[in-house]
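Numbering (our numbering), first residue to last: 8 to 758. In this text, a Cβ means the ideal position worked out from N, Cα and C, and glycines have one as well.
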Amino acid sequence: MLPTPPSPLRTIPHRTLVAGLSGLFLLLSLLYNLQVPLWEAPEEPAHLEFIRYLQTHRHLPLPPEGVQSPTPPAVPGTEFVQLPLYYLILAVLLSPLPLPPVGDWHRNPYVTWPGHPFAHAVALHHLDESWPFGPLAWYVHLARLGSGLLTLPVVPATYLLTWLVLRCRASALFAAAWVALSPGMLLASARVNNDAAAIGLSALTLAASAAGLLPDWPLSRRLALMALPLTGALLSKANTAFLLPVVWLASVGAIRQTRPDLARPWRWLLAGLPLLPGLLAVAVWWLAHGRHFWGRLVAQGGFGVIQVWRLLNDFAPDRLGPALRMAHETWWSGVGFNADITWPGWLLVLLALPGLAGIAGWGLFLGRDWAARPAVHRRLLATVALGTGLLAYTVIGRQAVASVALDAHARFLMPAAPALALLLTVGLRALPLGRWRRPLALAWLGVQLALALGTPLLLVPQINAPTVPARLARDQAEWTRPALARFANGVELLTVEGLSDDLATGWTRPVRLVWRVVQDQERDFVVSLQLLDTTGERRTGADAIPHADLFPPRLWQRGEIVLEERMLPWSADLPAAVYTLALVLYYPENGETRRVLATTASGQSDRAVLARWRYLPPVALPPGPALCLFGRSLALRDLTWSATSTHLDVALVWEAHQALDRRLTVSVQVLDEPGRLVAQHDSEPVQGLFPTPLWEPGDRVRDEHRLNRPAGRGPFRLLVVVYDTLTHQRLTATTPTGPPGDHCPVGQIRF
């Protein structure tokens, strides 16, 4: 047996290289974490729901009475059947983080719809999934970071495993870099999925199994070193069962080295000790939890994990080629929830060449170098080679049930990544490359680095991730604060953003309605913005279903804050008045409208008042004194008239000198030459839309009156009278040139 050199991890330069490679892996994992849209990863919502369930209920989920395989309505395809270690770890790590008080991710109702533009998206994405993140987005990204940390041991474990077998530092670095820069591994490390714990703990188990065959430590310590990560791996995911024969064989070798005198049956029995803690832990989980989900476990186990006989009964050889291709594609790319976004075919063919070269190199290695290797190294290689059994599960087990679509995703291979990296390195080392070996190795790792960066920067942006104009409540205060209006159908108008204090500046200004959804909506409703004048008459308005094309109300779900941009629905030719902006919510039914009752601070009504404005259009004053002064408060500054064949239109311009505390009526009168009244029109200013108690000092008001045109051509005298609306007492009128009177003579007119 060759003497064992000191571990390279104790040599500072190589320890630094391994640490740097691990740091690079973690940075790339973080890049993938931030780039991949939330939920658009395999079963991420369901895995996250398991974590949140543990935090909320403080125990593993159990099906309702009499139900074998529940699927909670909030998360179809739940992962409650999975082994729990990954979820327990993240539930503890994420427990300090606040979550939205109400609400969850928004499942895309159009997923898999043929021809629909959102058919390839799992979720309708909220606005707060982008920076600055909302509470749920922070929670998911930090959960993904936890996955990255759990996956991280795969890098140093691959280095250690390869060095223990080959005793070549360069080869160990190549194998570790090959794993660290594989896009599939980075994708697996950057999503909420129990694959992360299975990968990291399986890597540690493989490295511990290799170390257990070297007689550096006492037997008990070597067996414990294998048992600990194996137990964690078995409690993380069922497909880590491939480690059982690896650990058992490594234990047999370790016992034979230490106790060569022990009989073979006892040696085999003693080798089962490292397996015992993990198997007992899984048995306890099964009795307490897993057996309750047998119906669902059978459905999932049909892939080959639980029902191994399916591999023989339902194996479809014609699907082996597509399965291998899918495993290869998803190792190097495959983003999106169904991994359908990959690199071009020609690039995938080039990426397969090193693997094919490694297989050819293995032929050379077995024929030329196998017998020359020390016995301990041969046992190490044979033991590690058992880890490739996961390849059969991925490409055969994942396509064993004919009723299930092909799912030979490379993430199921990732727990065996250190073994695959070692075997690839051994095969490539056996090739007669001479002085080209190192340049080719560096060139290949450069290609992998380019792929590792290109995947999040080029492929991930192609993921279909439709964003809807909604977010979740930021905190309990936002969820519970009083709303402007609470509607009986379960939506609330939280606030209106962008309203101007001055109506004149708001002609083309958009406003944002902020809705709070307290109840899932089953039907679309119409929101009517109405501008009402002083008398309550609707002057103008706009009726529309909110976000009718992208995100209509029937898609709104409880807990969402929906933002709706609207344009104020009026024009610039409005007369002076006090205007009210009201909002009405209604359902169209059989050609009619059924209004939804609204509760506001002022009570219940079929409309919600959003704003009120006292509006005066700008009026230019002619130079010179007033035509007439009524009392001390009201000045007539200008008068113009025009006539048609039937009507006489008179426009008055008033100016208030003081506040007016009583309602006044304006009377425009036409007298013929003998002094008889031939036409008259009386109304409060602006046809009653702007009564005088609303006036303030300095107001200038244009007041239009329409009279019937008197017969004849004139001349006619035009008078203006102002009187108290209640008492009919006339105000004293004073002109610049005449004595005071009860009317203002403004001149003669002729037609």
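Buried or exposed (CB count within 10 angstroms, at least 16 for buried), residue i
{"i": "H750", "result": "buried"}
{"i": "F758", "result": "exposed"}
{"i": "L168", "result": "buried"}
{"i": "I262", "result": "buried"}
{"i": "V99", "result": "exposed"}
{"i": "T23", "result": "exposed"}
{"i": "T541", "result": "buried"}
{"i": "D706", "result": "buried"}
{"i": "H349", "result": "Correcting the residue type first, residue 349 is Thr in the shown sequence and not His. Looking at its Cβ environment, which holds 16 or more other Cβ atoms inside 10 Å, T349 is buried."}
{"i": "G682", "result": "exposed"}
{"i": "R151", "result": "buried"}
{"i": "A290", "result": "exposed"}
{"i": "Q537", "result": "buried"}
{"i": "R720", "result": "exposed"}
Three-state secondary structure (DSSP) of residue i
{"i": "I568", "result": "strand"}
{"i": "P746", "result": "coil"}
{"i": "S76", "result": "Only weak support exists for where S76 lies, its pLDDT of 49 falling under 50; the value from the coordinates is given anyway. Here S76 sits in coil by DSSP."}
{"i": "A492", "result": "strand"}
{"i": "S535", "result": "strand"}
{"i": "I366", "result": "helix"}
{"i": "G610", "result": "strand"}
{"i": "R683", "result": "coil"}
{"i": "H21", "result": "helix"}
{"i": "P517", "result": "strand"}
{"i": "T741", "result": "strand"}
{"i": "Y117", "result": "coil"}
{"i": "R266", "result": "coil"}
{"i": "V811", "result": "What is shown of the chain runs 8 to 758, which leaves residue 811 out entirely."}
{"i": "F344", "result": "coil"}
{"i": "V99", "result": "helix"}
{"i": "V433", "result": "helix"}
{"i": "A583", "result": "coil"}
{"i": "E544", "result": "coil"}
Per DSSP, the bridge partner or partners of residue i
{"i": "F558", "result": "According to DSSP, which records beta bridges pairwise, F558 is partnered with nothing at all."}
{"i": "P595", "result": "T600"}
{"i": "L726", "result": "Q676 and P752"}
{"i": "S649", "result": "D656"}
{"i": "D731", "result": "L671"}
{"i": "R713", "result": "D656"}
{"i": "V626", "result": "Answer is none; V626 lacks a bridge partner."}
{"i": "S690", "result": "V673"}
{"i": "M574", "result": "P517"}
{"i": "D550", "result": "S535"}
{"i": "A605", "result": "F494 and S612"}
{"i": "V524", "result": "V498"}
{"i": "E662", "result": "A642 and R707"}
{"i": "L636", "result": "A642 and T741"}
Beta carbon of residue i nearer than 8 angstroms to that of residue j
{"i": "L237", "j": "T265", "result": "no"}
{"i": "L456", "j": "V518", "result": "no"}
{"i": "L491", "j": "L479", "result": "no"}
{"i": "A126", "j": "P473", "result": "no"}
{"i": "S36", "j": "G155", "result": "yes"}
{"i": "L157", "j": "L101", "result": "no"}
{"i": "R198", "j": "V43", "result": "yes"}
{"i": "A164", "j": "A210", "result": "yes"}
{"i": "A417", "j": "A330", "result": "no"}
{"i": "F32", "j": "A187", "result": "yes"}
{"i": "S243", "j": "L220", "result": "no"}
{"i": "W661", "j": "L636", "result": "no"}
{"i": "L104", "j": "Y146", "result": "yes"}
{"i": "A608", "j": "A615", "result": "no"}
{"i": "L256", "j": "G285", "result": "no"}
{"i": "R716", "j": "A650", "result": "yes"}
{"i": "V25", "j": "A183", "result": "yes"}
{"i": "V534", "j": "A551", "result": "yes"}
Check: residue i C-beta below 7 angstroms from any heavy atom of the ligand HEM
{"i": "L230", "result": "As far as ligands go, the structure on display features none, and thus does not contain the ligand HEM."}
Which ranges would you report for the alpha helix (DSSP H) in the segment 34 to 71 if only whole runs of at least 4 residues count?
51 to 64
Which ranges does the alpha helix (DSSP H) cover as unbroken runs of at least 4 residues, wholly within the segment 121 to 145, from first to last along the chain?
none
Alpha helix (DSSP H) runs contained entirely in the segment 147 to 215, provided each spans 4 or more residues:
161 to 173, 176 to 187 and 190 to 196
Return the chain-ordered ranges of every alpha helix (DSSP H) run that is complete within the segment 234 to 266 and spans a minimum of 4 residues.
250 to 265, all fully within the segment 234 to 266.
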